[in-house]
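Quick note, the numbering used here runs 124 ahead of the 1-based positions in the sequence shown.
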Amino acid sequence: MASSLIARLASEGRVLLTEVEAKQVLAEAGVPVTRAELARDPREAVAIADRIGYPVVLKVVSTTIAHKSDVGGVALNLGDARAVEAAYVSLVATVRAAVGDGVEGVSVQPMARPGIEVVVGMTRDPQFGPVVMFGLGGVLVEVLDDVSFRVVPLAERDARAMIREVRGFRLLEGYRGHPPADLRALEKLLLRLSAFIEENPAVSEVDLNPVFAYPDGAVAVDARVALALPHTEEDR
Ligand code: ADP
Ligand code: MG
125 MASSLIARLA SEGRVLLTEV EAKQVLAEAG VPVTRAELAR DPREAVAIAD RIGYPVVLKV
185 VSTTIAHKSD VGGVALNLGD ARAVEAAYVS LVATVRAAVG DGVEGVSVQP MARPGIEVVV
245 GMTRDPQFGP VVMFGLGGVL VEVLDDVSFR VVPLAERDAR AMIREVRGFR LLEGYRGHPP
305 ADLRALEKLL LRLSAFIEEN PAVSEVDLNP VFAYPDGAVA VDARVALALP HTEEDR
């Protein structure tokens with residue numbers, strides 16, 4: 125189903141969704157994410173944290189910041205209300221000092237248990253159209269460029285193959301006593317992302333970095349979704 129939130133934001137000319145919005149539309153499409161809620165002051169952040177349970181993560185919410193930790197905009201593993209209040213104040217001050225205005229508030233989400241980090245993304249290729257990307261997280265994707273691609277729509281066997289063909293796949297099979305990752309959950313995530321992209325042609329880019337892969341399940345703890353600006357008269 126096409127996302128009504130994406131349709132509205134696209135009609136308003138928005139290019140970058142906030143993490144809160146990105147996770148909302150992805151969750152609606154069945155992609156597992158740590159849901160994030162917007163707080164506009166420290167008290168609101170504490171109220172959300174009290175409701176969802178500790179530990180929590182706070183992140184800056186802005187439509188102009190693509191990489192939140194680069195500007196000091198992420199605070200992990202906050203164990204109680206006092207930690208949340210203090211993190212809210214220092215996070216907003218740090219980000220404002222780095223980038224100036226444009227901070228809408230702070231998002232609150234559950235702290236996910238550690239898993240094997242993978243990255244999943246989508247870009248639009250001028251020739252092939254939307255393409256889904258899969259890779260192992262961190263150094264493997266950044267330094268070794270160890271990623272696989274498939275054109276949307278993905279079939280089951282595409283999702284299976286693209287996970288298995290990255291060199292880092294051995295990490296997902298279990299190593300040094302680590303249990304193997306839930307490959308079926310990663311396959312499902314890729315297939316749901318593919319369906320989401322098919323149903324929402326306004327989406328120009330998706331970046332789920334990182335996704336934590338577990339022995340049981342997988343979850344995206346960060347999500348970036350960008351929209352294409354509608355074509356102007358000059359383009360036609
Ligand atoms: P950035 O915009 O800088 O990529 P992220 O949202 O990816 O910010 O957060 C930075 C890092 O913090 C992630 O790579 C991940 O290791 C960790 N992280 C973020 N959100 C969570 C979460 N909900 N639970 C656990 N770790 C998280
Ligand atoms: Mg990230």
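Using N, Cα and C, we set each Cβ at its ideal position, and we do this for glycine too.
* Are the beta-carbon atoms of G144 and F320 separated by less than 9 Å? -> Correcting the residue type first, residue 144 is Val in the shown sequence and not Gly. Result no, Cβ atoms of V144 and F320 do not sit closer than 9 Å.
* Asked: Can you round the beta-carbon distance between E329 and V276 to whole angstroms, since I take them to be within the 8 Å contact cut?
  -> Not a contact, Cβ separation roughly 13 Å.
* **3-residue-minimum beta strand (DSSP E) runs that sit fully inside the stretch 309-358, ordered along the chain** => 327-337, 342-344 and 348-351
* **Straight-line Cα distance separating V170 from V327** => Between V327 and V170, the C-alpha separation is close to 33 Å.
* Asked: Is it the case that the CB of K192 approaches a heavy atom of ligand 2 more closely than 8 Å?
  -> When distances are taken from the beta-carbon of K192 to the heavy atoms of ligand 2, the shortest one is below 8 Å.
* Asked: Around the Cβ of R360, are there at least 16 other Cβ atoms within 10 angstroms (buried) or fewer (exposed)?
  -> Note that R360 scores a pLDDT of 47, beneath 50, so its modelled location is shaky and nothing firm can be said.
* Tell me S231's beta-bridge partners as DSSP assigns them. => L162 and K183
* Asked: Can you list every residue whose CB sits closer than 6 Å to some heavy atom of ligand 2, going in chain order?
  -> Per the CB criterion, closer than 6 Å to any heavy atom of ligand 2, the qualifying residues run in chain order as N333 and D346.
* **S214, enclosing beta strand (DSSP E) - first and last residue** => That residue, S214, is in no beta strand (DSSP E); its alpha helix (DSSP H) goes A205 to V223.
* Asked: Applying the criterion that 16 or more other CB atoms from any shown protein chain within 10 Å of the CB defines a buried residue, is A305 buried or exposed?
  -> buried
* Assign M125 to buried or exposed, taking buried as 16 or more other Cβ atoms, counted over all protein chains shown, within 10 Å of its Cβ. => exposed
* Whose C-beta lies closer than 7 Å to the C-beta of G203 among residues of the same chain, with five residues either side of it excluded? -> Y178 and P179
* Of the residues G137, V232 and D346, which one's Cα is nearest the Cα of G261? -> D346
* With C-beta atoms as the reference, is F96 less than 9 Å away from S272? -> The structure shown has nothing for residue 96, since the chain only spans 125 to 360.
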